[in-house]
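Residue numbers (the numbering used here), protein chains in the order written: chain A, 342 to 447; chain B, 2 to 247.
Each residue gets a CB set at the ideal place from its N, CA and C atoms; glycine is no exception.
Structure record follows, encoded as structure tokens.
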């Protein structure tokens with residue numbers, strides 16, 4: 342029997358001078374993950390974008406709990422989107438969406 | 002709760018707005034103490050002004066001096082001159098001779114190797130052995146990991162992996178700092194720890210390098226710079242007047 346996958350939900354805040362679209366944030370994080378850990382590493386991360394609100398510049402992503410540091414490093418290494426400086430902060434990490442929303446007050 | 006320290010924040014010293022922005026961002030990211038490199042001839046008024054900015058943001062300031070001496074002789078001269086005026090002294094090792102002198106001198110807190118070329122980074126086994134007998138720590142700036150791309154970044158990660166492994170083997174403390182010159186290069190402590198895992202550092206070790214190691218440096222030096230300090234382990238408890246009333 343296969344082991345149950347434990348997940349981690351990360352709340353992100355995108356700091357930029359301009360509004361950044363969901364697609365651009367998804368591309369930037371995916372590219373960072375691929376650049377740092379390659380296709381093999383990215384395949385282990387079970388990385389998914391759950392939600393992103395471009396107007397409020399926050400979003401939620403999900404990954405495997407084993408890949409939390411990989412995803413954190415990838416998110417931290419994003420420095421620009423479309424040539425504009427961008428910082429993505431991790432506001433909080435939780436094992437469930439409900440707890441994350443409660444903790445980070447989204 | 003763990004206290005996180007960023008000993009290498011590099012705002013432009015002349016632009017107070019930038020200093021304010023970076024200090025408040027540090028506070029927002031969860032740091033409780035920041036070190037800002039100051040010019041050697043900094044006035045007490047300027048230091049007080051910076052302390053005021055940090056206090057407003059609810060953060061503690063450690064005064065830091067980066068020495069970029071070209072010769073070991075010059076380094077000794079500068080250490081004699083400035084050690085008692087700054088809480089943290091870092092030596093930017095641009096030559097092997099300076100690196101060796103800095104590693105064996107107990108007045109040096111941080112050994113910094115800014116060059117990305119692996120041939121010009123001098124933290125090898127001999128350097129680590131000298132540093133382990135003194136009190137200096139190896140400083141790693143996270144900003145370089147963010148600003149470099151492609152082959153230079155690969156080379157830097159490889160060099161850092163070797164250097165941190167040597168430091169661990171010889172018991173040299175490692176301090177991770179942001180090294181950020183603007184707000185865009187600043188990251189939270191957990192993000193810095195995750196970035197440190199790229200060069201083979203376990204996250205708990207990296208968190209120690211972001212909290213216990215730099216905090217120990219600042220506390221040790223504050224104790225030494227205090228007027229009550231006599232020698233390691235000996236400090237003045239009461240002065241003449243207080244002794245009579247006791």
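What are the boundary residues of the alpha helix (DSSP H) that includes residue i?
{"i": "residue 87/B", "result": "From DSSP, residue 87/B is part of no alpha helix (DSSP H); its letter is neither H nor E."}
{"i": "residue 144/B", "result": "144 to 148"}
{"i": "residue 216/B", "result": "213 to 226"}
{"i": "residue 5/B", "result": "No alpha helix (DSSP H) holds residue 5/B; the beta strand (DSSP E) holding it covers 5 to 7."}
{"i": "residue 99/B", "result": "97 to 105"}
{"i": "residue 445/A", "result": "438 to 445"}
{"i": "residue 248/B", "result": "In this structure chain B extends from 2 to 247, so residue 248/B is not present and cannot be described."}
{"i": "residue 412/A", "result": "409 to 417"}
Excluding five sequence neighbours on each side, which residues of the same chain lie with their C-beta closer than 7 angstroms to the C-beta of residue i?
{"i": "residue 147/B", "result": "186"}
{"i": "residue 28/B", "result": "58, 59, 60"}
{"i": "residue 10/B", "result": "23, 27, 35, 36, 37, 179, 181"}
{"i": "residue 31/B", "result": "5, 189, 190"}
{"i": "residue 444/A", "result": "433, 435"}
{"i": "residue 165/B", "result": "175, 200, 201, 202"}
{"i": "residue 128/B", "result": "100, 101, 104"}
{"i": "residue 425/A", "result": "357, 358, 359"}
{"i": "residue 76/B", "result": "68, 70, 92, 99, 102, 103"}
{"i": "residue 378/A", "result": "411"}
{"i": "residue 226/B", "result": "85, 88"}
How is the beta strand (DSSP E) around residue i delimited, first residue to last?
{"i": "residue 181/B", "result": "It is not in any beta strand (DSSP E) - residue 181/B carries neither H nor E in the DSSP assignment."}
{"i": "residue 136/B", "result": "Neither: residue 136/B is in no beta strand (DSSP E) and is coded neither H nor E."}
{"i": "residue 425/A", "result": "425 to 435"}
{"i": "residue 321/A", "result": "The requested residue 321/A is not part of the displayed model; chain A covers only 342 to 447."}
{"i": "residue 65/B", "result": "61 to 68"}
{"i": "residue 33/B", "result": "32 to 38"}
{"i": "residue 111/B", "result": "111 to 113"}
{"i": "residue 232/B", "result": "230 to 232"}
Opposite residue i in the DSSP bridges: which residues?
{"i": "residue 389/A", "result": "403/A"}
{"i": "residue 198/B", "result": "According to DSSP, which records beta bridges pairwise, residue 198/B is partnered with nothing at all."}
{"i": "residue 171/B", "result": "The partner list for residue 171/B (beta bridge, DSSP) is empty, contrary to what the question assumes."}
{"i": "residue 128/B", "result": "Beta-bridge pairing links residue 128/B to no other residue."}
{"i": "residue 92/B", "result": "68/B, 112/B"}
{"i": "residue 422/A", "result": "425/A"}
{"i": "residue 77/B", "result": "Answer by DSSP bridge pairing: none, since residue 77/B is not bridged."}
{"i": "residue 235/B", "result": "232/B"}
{"i": "residue 452/A", "result": "Since the first residue of chain A shown is 342 and the last is 447, residue 452/A is not available in this structure."}
{"i": "residue 10/B", "result": "181/B"}
Below 8 angstroms CB to CB, which residues in the same chain sit around residue i once its five sequence neighbours on both sides are set aside?
{"i": "residue 4/B", "result": "33, 34, 212, 216"}
{"i": "residue 53/B", "result": "none"}
{"i": "residue 65/B", "result": "8, 9, 36, 37, 38, 39, 87, 88, 89, 90, 91"}
{"i": "residue 394/A", "result": "400"}
Starting from the C-beta of residue i, find all residues in its chain whose C-beta is less than 6 angstroms away, skip the five residues before and the five after it, and write them out in chain order.
{"i": "residue 351/A", "result": "402, 431, 434"}
{"i": "residue 79/B", "result": "68, 70"}
{"i": "residue 368/A", "result": "none"}
{"i": "residue 108/B", "result": "80, 84"}
State the CB to CB distance for the pair residue i and residue j, rounded to an integer number of angstroms; the pair is presumed to be in contact (CB under 8 angstroms).
{"i": "residue 174/B", "j": "residue 202/B", "result": "Residue 174/B to residue 202/B, Cβ: 13 angstroms. No contact."}
{"i": "residue 96/B", "j": "residue 111/B", "result": "The pair is not a contact, with the Cβ atoms about 17 angstroms apart (cut-off 8 angstroms)."}
{"i": "residue 89/B", "j": "residue 219/B", "result": "7 angstroms"}
{"i": "residue 414/A", "j": "residue 198/B", "result": "6 angstroms"}
{"i": "residue 115/B", "j": "residue 93/B", "result": "6 angstroms"}
{"i": "residue 438/A", "j": "residue 400/A", "result": "So it is not a contact: roughly 12 angstroms between Cβ atoms."}
{"i": "residue 429/A", "j": "residue 355/A", "result": "5 angstroms"}
{"i": "residue 195/B", "j": "residue 204/B", "result": "7 angstroms"}
{"i": "residue 135/B", "j": "residue 177/B", "result": "About 20 angstroms; that fails the 8 angstroms criterion."}
{"i": "residue 406/A", "j": "residue 349/A", "result": "5 angstroms"}
{"i": "residue 229/B", "j": "residue 236/B", "result": "5 angstroms"}
Check whether the Cβ of residue i sits closer than 8 angstroms to any heavy atom of the ligand NAP, and report yes or no.
{"i": "residue 378/A", "result": "Among the components modelled here there is no ligand, and therefore nothing to report on the ligand NAP."}
Three CB pairs or more closer than 8 angstroms across the segment 153 to 171 of chain B and the segment 236 to 244 of chain B = no
Say whether the segment 169 to 179 of chain B touches the segment 380 to 394 of chain A, bearing in mind that this needs 3 or more beta-carbon pairs closer than 8 angstroms, one atom from each stretch.
-> no
Check distances from the C-beta atoms of the segment 357 to 379 of chain A to those of chain C and list, in chain order, the residues that come in under 7 angstroms.
-> In the displayed structure, chain C is absent; the protein chains listed are A and B.
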